[in-house]
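Below is one structure, written out as structure tokens, with a few remarks after it.
Numbering (my numbering), first residue to last: 3 to 322.
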């Protein structure tokens, strides 16, 4: 078995995430409580969301990272983290992956996520933005269709791309994508043109803030969003600054992992979005080039961990 732990991005959050583990798992609770050094009550927003804050970027990001770092602590306690050959994450999830690799403490990872969420919110102010998922076109087919001020922000898996930017430009590009044969064009709710040049101010703020946070040597190999692969002796600050202003290369990251022979993926949710990306990418890779070591796409296993029940099931599989 070759294992990668992958972390979901913003958009999969929901009220109640982590509550069962907080109430029933001492390791999860201890890590979560250590992460509560933000200017709002993490438990209130994550578990109840009485004031409808969870879907606001400035709150979403620290909440997601708190949940994921607490889950990482549980995976470490169970001996699962040490089995991982790689870690990776989608957009915000990359911060949780870096924490899992040992770069930051859980508390510092949440502080950084809170800073990033606010910086991205501020950078988006005044921009009439749109975001649309384009299903059924390849990247090389979509790129020539992009209007000015419209960008590919997510290359998630084969023939699933997301564009963002100024609303009018996104709408024009979406129409051109339909004419070019896109199977689906789905407008998405968005609070900002994330992973585009409109995030330049957020990038500048991160470039100043990230070097002030204590760093530790990483113990796991990280597959970076901006590169779609690992990078020895990487300048993590530079990669994260670029990440917020440029498209996420998740498809390339998954291709890299599959080509290295990874056959087991554990997705730290909430949700199972990345597991779907893994399966579609594996099928496409098998069809185009074949998978290594005689693997078939049906051999690629994905497991989602979001609840205590998920953890029990995963432990049974990995230790059977």
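Even for Gly, the Cβ is constructed at its ideal location relative to N, Cα and C.
From a predicted model like this one, the values you see are computed outputs, not experimental measurements.
What number of angstroms, rounded off, separates the C-alpha of residue i from the C-alpha of residue j?
i: residue 269; j: residue 285; result: 18 Å
i: residue 101; j: residue 31; result: 17 Å
i: residue 295; j: residue 79; result: 31 Å
i: residue 56; j: residue 244; result: 26 Å
i: residue 314; j: residue 115; result: 29 Å
i: residue 176; j: residue 247; result: 21 Å
i: residue 36; j: residue 73; result: 13 Å
i: residue 58; j: residue 290; result: 40 Å
i: residue 191; j: residue 133; result: 7 Å
i: residue 71; j: residue 252; result: 21 Å
i: residue 281; j: residue 263; result: 14 Å
i: residue 227; j: residue 91; result: 7 Å
i: residue 107; j: residue 68; result: 11 Å
i: residue 323; j: residue 172; result: Residue 323 is absent from the model: the chain starts at 3 and stops at 322.
i: residue 265; j: residue 34; result: 30 Å
i: residue 210; j: residue 82; result: 34 Å
i: residue 89; j: residue 99; result: 6 Å
Counting only beta-carbon atoms, is residue i nearer than 9 Å to chain B?
i: residue 70; result: No chain B appears in the structure shown, which is made up of a single protein chain.
Give the range of the beta strand (DSSP E) segment to which residue i is assigned.
i: residue 48; result: It is not in any beta strand (DSSP E) - residue 48 carries neither H nor E in the DSSP assignment.
i: residue 303; result: 303–307
i: residue 9; result: 5–9
i: residue 233; result: Where residue 233 is concerned, there is no enclosing beta strand (DSSP E), given that its DSSP letter is neither H nor E.
i: residue 246; result: Unbroken run through residue 246 is the alpha helix (DSSP H), 238–247; no beta strand (DSSP E).
Going by Cα to Cα distance, which pick from the options is closest to residue i?
i: residue 182; options: 196, 10 and 144; result: 144
i: residue 130; options: 167, 60 and 103; result: 167
i: residue 233; options: 249, 248 and 255; result: 255
i: residue 324; options: 222, 228, 280 and 271; result: There is simply no residue 324 to check, as the chain begins at 3 and stops at 322 in what is shown.
i: residue 230; options: 171, 170, 158 and 107; result: 158
i: residue 126; options: 138, 73, 105 and 196; result: 196
i: residue 208; options: 178, 118 and 180; result: 118
i: residue 15; options: 198, 64, 251 and 38; result: 64
i: residue 93; options: 306, 259 and 225; result: 225
i: residue 109; options: 260, 293, 288 and 39; result: 39
i: residue 85; options: 5, 21, 309 and 238; result: 5
i: residue 257; options: 237, 293, 241 and 242; result: 293
i: residue 28; options: 310, 160, 283 and 300; result: 310
i: residue 259; options: 283, 194, 278 and 124; result: 283
i: residue 146; options: 128, 160 and 165; result: 165
i: residue 267; options: 250, 237 and 307; result: 307
Following the continuous alpha helix (DSSP H) through residue i, name the residue where it begins and the one where it ends.
i: residue 29; result: 28–36
i: residue 224; result: Looking at the DSSP string, residue 224 is not in any alpha helix (DSSP H); the run it does join, the beta strand (DSSP E), is 223–225.
i: residue 312; result: 310–320
i: residue 204; result: 202–211
At least three beta-carbon pairs within less than 8 Å, the stretch 194–202 to the stretch 217–225: no
- prompt: Taking three-plus beta-carbon pairs below 8 Å as touching, is the stretch 185–197 in contact with the stretch 46–53?
  reply: no
query: Considering only residues of the stretch 55–134, which uninterrupted beta strand (DSSP E) runs meet the minimum length of 3 residues and lie entirely inside it, listed in chain order?
result: 86–91
task: Let me know the beta strand (DSSP E) ranges lying completely inside the stretch 257–299, each 3 residues or longer, listed in chain order.
output: 266–270
- request: Scan the stretch 133–200 and note each continuous beta strand (DSSP E) run of 3 residues or more that stays entirely inside, going in chain order.
  value: 152–159, 162–168 and 186–189
- prompt: Quick check: the stretch 75–90 against the stretch 132–143, are there 3 or more CB pairs under 8 Å?
  reply: no
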